[in-house]
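Residue numbers (the working numbering), protein chains in the order written: chain X, 1 to 460; chain W, 1 to 460.
Where a beta carbon is used, it is the ideal one built from N, C-alpha and C, also for glycine.
Written below as structure tokens is the structure these notes are about.
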């Protein structure tokens, strides 16, 4: 008999069906045991009255895997309005060892390090699993938006001969007897591939040997990278980014109902997670106070020099501090009703060597010289995306490297692209785990990452 | 004026449009210069008669990037039946340094190492770029087939504390002062995530410190990994794999016309590549002698013991040699008219410790004991995919590790999943670059990989 998922049981009222999943919870009352079975689609309630089966279930810990065959009957109080009665139960493995914390509670009560130590079990909590599904939805929306525009997905080397972004925070390894490094970004490769395919994207791991133990840094994260040619300047990149974000949030919205359906149907008490998803739904769909505002067709933008003034910072500050970014987030909401704000024209000295210098003077008429066509996108006052226009002339690369006292030789293969003809181009990179964390309001990026890697953690 | 791509010019006959791209080729005749411009969509012919512009173009090397504005006129001899006349030309950068080899020739004539040293330019050859597009199509088809079946995309750690498949061929690195390793596969993680999401897939890099210099091994390749729960045995995995392959090849077929449109339109002489793509098209679409046969609804399968007999190998051989696989490929074509053949029931001792033992005796009635529910999929006599059913009981893992003399402790986080309840499950992994190489008939996997990594190569 083919297996029926919990969410589909309501289509089988009156029939005898087979379902399977994990024992999410047992509730043993005086004359009946309620068995809550969890599967990929949600939860199903099984009503057990037979004494022998009740006795067997009494000895079967949560998380044991069962196949349950029973008759589907309507019950408005049960998940999706149905439950299984007169069940027969077949174990699909040995009884589970009871987990180190209860997966069925509204929130995982164990400390985060304990959860992460036992990720294989902690991730089964419907709230944790929902974050992984939202992550998948964001990536699917990213790809779909770019595929529609003729972008080609690429896969680039993760072991490189020279550090991409800077010599710091790079993992070194022994590559057949010589030094190799884990790529900190696919930046050089996506640029080279603009010379081949014009429009490329990559979804892949990047590595930062981040020596700080913070709530938002990981040693490995998933970077959503985009690069494309024949732009006029960074504004073309910003317009694309806005449309890609709309596609990502749209895909989350489209899948939210499905994800929510998995949460707390029987127990009805996965409180915080439900609340977060509800707020997210409100944000994406525009309903309620938590509404998420992504202006169309363009996200408001301020020049770096304007941003300093808005944030009340001295005009000679070389960068925006977190407090400045928060102030800008408040300003964007108050002035533009927007949760997103571009800051353009970052000082050139603060951006990587491949950054294109500003092509226009500052809004107050200051010289372009010290600024760049690089931008950040703030989401509610926190940096979410970095991007910009890149240099495309070989001579400009030589000058930029010389300016920074960097040798040319380690970059020879990369610079080949520019020696042999490259169009004006630009791109951006989104950190996936950070975006999920911010959308869900998680305070620590590790809460939404399946198996995080950090200064202290290399397992599981 | 918005840019028009070469493939769209025929929709603008009579109009003056702007196009942009790389100088693919110049042909300077007595009174006219034909400028062939290459962009993401293909090639466009520009007819130049003005003396001053002809003189400027004479000094402009191939691969320089230009914007060309001109009037579109019909010309049956030109690509897509149109060409640009009365052009004005604006350089989008400095003149290119002439490449170390001609990108416009039907085939790259430089030796493969030279091509790879200058990958940023070599990949611009339409044949090389086509391989990247076909790779992207295969991945898109893979995801689409799995998304339809409720699989969730995941991202797992690439730095791990213990080698996945064996201690050999693993890259070691310094992870904040302690030893770490690059993941040889996402095997453990995809299994753990079956306990969370039931059905998962990952597209990501895997790393093998492969000490051999062969035409089919890379130190980094893209692995298409699938794992799912609640299977009866390996046959469920084989059925899924068949449908996923059909989705992948279908997506390639859908995009082939587009890819072919980019090849050799003007020159008409990208001979070998066109031939390969033509054969591939024939294979996928079922036209012509090169027709690719993927039987439906199931790919034929033989047990390992039968495979030995078919290949004329002694019945006590522990594994299939390449010559045996080739013989099996011939047999599958002759007996089943199939380009694909499953070999099931590989000897347990030759498969990783997580492999589920055979659950049935061999076809000749031999005991199941020594065999497994692991399979390989051969494509025209070469291994393309490995997969199988995995162990799902904690006690079985302890026994399998003990049997191989392996300690339990390094696997603690992984084994957690099985201690706390896992369903019967299985999966498979496809090596993307190998699949592209075999589909295109490339003799070296490096020909279809953007920036290959091997024993000798860490750049560009």
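By how many angstroms is the C-alpha of residue j removed from the C-alpha of residue i?
{"i": "residue 434 (chain W)", "j": "residue 137 (chain X)", "result": "29 angstroms"}
{"i": "residue 246 (chain W)", "j": "residue 396 (chain W)", "result": "34 angstroms"}
{"i": "residue 131 (chain W)", "j": "residue 448 (chain W)", "result": "5 angstroms"}
{"i": "residue 20 (chain W)", "j": "residue 231 (chain X)", "result": "11 angstroms"}
{"i": "residue 66 (chain W)", "j": "residue 92 (chain W)", "result": "5 angstroms"}
{"i": "residue 322 (chain W)", "j": "residue 429 (chain W)", "result": "19 angstroms"}
{"i": "residue 223 (chain X)", "j": "residue 392 (chain X)", "result": "23 angstroms"}
{"i": "residue 287 (chain W)", "j": "residue 42 (chain W)", "result": "Only weak support exists for where residue 287 (chain W) lies, its pLDDT of 39 falling under 50; the coordinates are left without a value."}
{"i": "residue 78 (chain X)", "j": "residue 44 (chain X)", "result": "8 angstroms"}
{"i": "residue 34 (chain W)", "j": "residue 10 (chain W)", "result": "18 angstroms"}
{"i": "residue 297 (chain W)", "j": "residue 7 (chain X)", "result": "28 angstroms"}
{"i": "residue 382 (chain X)", "j": "residue 318 (chain X)", "result": "18 angstroms"}
{"i": "residue 209 (chain X)", "j": "residue 221 (chain X)", "result": "11 angstroms"}
{"i": "residue 388 (chain W)", "j": "residue 228 (chain W)", "result": "11 angstroms"}
{"i": "residue 170 (chain X)", "j": "residue 160 (chain W)", "result": "16 angstroms"}
{"i": "residue 113 (chain W)", "j": "residue 109 (chain X)", "result": "57 angstroms"}
{"i": "residue 269 (chain X)", "j": "residue 459 (chain X)", "result": "A caution first: residue 269 (chain X) carries a pLDDT of 38, below 50, which makes its placement in the model unreliable, though a value can still be read off. Rounded to whole angstroms, residue 269 (chain X) to residue 459 (chain X) spans 31 angstroms at the Cα level."}
{"i": "residue 233 (chain X)", "j": "residue 424 (chain X)", "result": "8 angstroms"}
{"i": "residue 107 (chain X)", "j": "residue 441 (chain X)", "result": "15 angstroms"}
{"i": "residue 205 (chain W)", "j": "residue 158 (chain W)", "result": "8 angstroms"}
{"i": "residue 366 (chain W)", "j": "residue 345 (chain W)", "result": "12 angstroms"}
{"i": "residue 315 (chain W)", "j": "residue 427 (chain X)", "result": "58 angstroms"}
{"i": "residue 168 (chain X)", "j": "residue 168 (chain W)", "result": "30 angstroms"}
When DSSP labels each residue in this structure, what does residue i get in the three-state scheme?
{"i": "residue 41 (chain X)", "result": "coil"}
{"i": "residue 425 (chain X)", "result": "strand"}
{"i": "residue 17 (chain W)", "result": "strand"}
{"i": "residue 389 (chain W)", "result": "strand"}
{"i": "residue 63 (chain W)", "result": "coil"}
{"i": "residue 94 (chain W)", "result": "coil"}
{"i": "residue 358 (chain X)", "result": "coil"}
{"i": "residue 298 (chain X)", "result": "coil"}
{"i": "residue 293 (chain W)", "result": "coil"}
{"i": "residue 372 (chain W)", "result": "strand"}
{"i": "residue 442 (chain W)", "result": "coil"}
{"i": "residue 410 (chain X)", "result": "helix"}
{"i": "residue 85 (chain W)", "result": "strand"}
{"i": "residue 461 (chain W)", "result": "One cannot answer for residue 461 (chain W) here, as it falls past the ends of chain W, which runs 1 to 460."}
{"i": "residue 337 (chain W)", "result": "coil"}
{"i": "residue 172 (chain W)", "result": "strand"}
{"i": "residue 351 (chain X)", "result": "coil"}
{"i": "residue 138 (chain W)", "result": "helix"}
{"i": "residue 34 (chain W)", "result": "strand"}
{"i": "residue 472 (chain X)", "result": "Residue 472 (chain X) is absent from the model: chain X starts at 1 and stops at 460."}
{"i": "residue 419 (chain X)", "result": "helix"}
{"i": "residue 178 (chain X)", "result": "strand"}
CB-CB under 7 angstroms to residue i, same chain, minus the five flanking residues each way: which ones, in chain order?
{"i": "residue 172 (chain W)", "result": "179 and 181"}
{"i": "residue 445 (chain W)", "result": "215, 216, 218, 433, 434 and 437"}
{"i": "residue 74 (chain X)", "result": "13, 81 and 82"}
{"i": "residue 16 (chain X)", "result": "69, 70 and 71"}
{"i": "residue 60 (chain W)", "result": "23 and 95"}
{"i": "residue 293 (chain X)", "result": "337, 338 and 339"}
To which residues of the same chain is residue i closer than 6 angstroms at the C-beta, ignoring the five residues directly before and after it?
{"i": "residue 251 (chain W)", "result": "137, 140 and 141"}
{"i": "residue 336 (chain X)", "result": "300"}
{"i": "residue 104 (chain X)", "result": "24 and 25"}
{"i": "residue 186 (chain W)", "result": "156, 202 and 225"}
{"i": "residue 380 (chain W)", "result": "329 and 339"}
{"i": "residue 470 (chain W)", "result": "Here chain W covers residues 1 to 460 and nothing more, so residue 470 (chain W) does not appear."}
Enumerate in chain order the residues of its own chain whose CB-to-CB distance from residue i is below 8 angstroms, with the five nearest sequence positions on each side excluded.
{"i": "residue 212 (chain X)", "result": "455"}
{"i": "residue 406 (chain X)", "result": "353"}
{"i": "residue 18 (chain W)", "result": "1, 2, 3, 4, 67, 68 and 69"}
Okay, do the region 407 to 417 of chain X and the region 174 to 193 of chain X touch, 3+ Cβ pairs below 8 angstroms being the bar?
-> yes
Take every Cβ of the region 95 to 111 of chain X, pair it with every Cβ of the region 107 to 122 of chain W, and state whether three or more of those distances are shorter than 8 angstroms.
-> no
Given 8 angstroms as the limit, is there contact between the region 142 to 162 of chain W and the region 239 to 253 of chain W, that is, 3 or more CB pairs closer than that?
-> yes
At what residue ranges does the region 199 to 267 of chain X contain a whole run of the beta strand (DSSP E), taking only runs of 3 or more?
-> 199 to 207 and 220 to 229
May I ask you to verify whether the region 350 to 364 of chain X touches the region 397 to 412 of chain X, counting CB pairs closer than 8 angstroms and requiring at least 3?
-> yes
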